[in-house]
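Peer 1: Dumping the structure here so I can ask a few things about it.
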Amino acid sequence: MSWDEELPPDIQKMWCQWISEVPRLSELHIPRYVLSSSAGEPTDVLELHCFCDASQTAYGVVIYTRVVKDCNVEVNLLVSKSRVAPLTKIVLPRLITRCIACRPTSKQSQSNSRSQKAF
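Quick note: to get this note's numbering, add 2 to the position in the sequence shown (first position is 1).
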């Protein structure tokens, strides 16, 4: 199929249906349990695990929460951030430094401390 060629009717129908359903995505709600599904109850252990990595093309960081309560372990994604590496050549150690400098940790720590004060 070339770029200027018209879509076959069956594909046109699927495309129009998909386009008509796109506004419904605003109704999509994904629950986010950060600490545990039994929020409000004290936990035995609460840990933040932060991982970062960098390459010549991109760098990123991710933070997970690990909650232990009554010998049950629950791990949830707290925040992640990624960036495309700059076009100018930068040595890998400097990219790793930029990865660490994404700084979701300080903002997350502040919001987590506010959440803990609420309990």
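We treat Cβ as the ideally placed atom computed from N, Cα and C, and that holds for glycine.
For K15, report the span of its alpha helix (DSSP H) as first-last.
Peer 2: Locating residue 15 in the sequence shown gives position 13, where the first residue counts as 1. First-last of the alpha helix (DSSP H) with K15: 11-23.
Peer 1: Would you kindly work out how many angstroms separate the C-alpha atoms of S28 and S84, rounded to a whole number?
Peer 2: On the sequence shown, residue 28 is found 26 positions in, with the first residue counted as 1. On the sequence shown, residue 84 is found 82 positions in, with the first residue counted as 1. For S28 and S84, the distance between alpha carbons rounds to 24 Å.
Peer 1: Going by the CB atoms, is the gap between V64 and E49 shorter than 9 Å?
Peer 2: As a working mapping, residue 49 is identified with position 47 in the sequence shown. As a working mapping, residue 64 is identified with position 62 in the sequence shown. Contact flag unset, no.
Peer 1: Between E23 and P11, what straight-line distance do the alpha-carbon atoms span, to the nearest angstrom?
Peer 2: In the sequence shown, residue 23 corresponds to position 21, counting from 1. In the sequence shown, residue 11 corresponds to position 9, counting from 1. Linking E23 to P11 through their CA atoms gives a straight-line distance of about 18 Å.
Peer 1: Going by the CB atoms, is the gap between I98 and Y61 shorter than 9 Å?
Peer 2: Looking up residue 61 in the sequence shown gives position 59. Looking up residue 98 in the sequence shown gives position 96. Contact: yes.
Peer 1: So, A56 versus L94, is the Cβ gap smaller than 9 Å?
Peer 2: By one-based count along the sequence shown, residue 56 stands at place 54. By one-based count along the sequence shown, residue 94 stands at place 92. Yes.
Peer 1: Just list the alpha helix (DSSP H) runs in the segment 62-100, keeping only unbroken ones of 4 residues or longer that don't cross its boundaries, in chain order.
Peer 2: The alpha helix (DSSP H) runs lying completely inside the segment 62-100 and spanning 4 residues or more number zero.
Peer 1: Of the residues D6, F53, Q58, which one's Cα is nearest the Cα of I92?
Peer 2: As a working mapping, residue 92 is identified with position 90 in the sequence shown. Residue Q58 is the option with its Cα nearest to I92.
Peer 1: Leaving out the 5 sequence neighbours to the left and right, which residues in its chain are closer than 7 Å to Q19 when beta-carbon positions are compared?
Peer 2: As a working mapping, residue 19 is identified with position 17 in the sequence shown. Contacts found: none.
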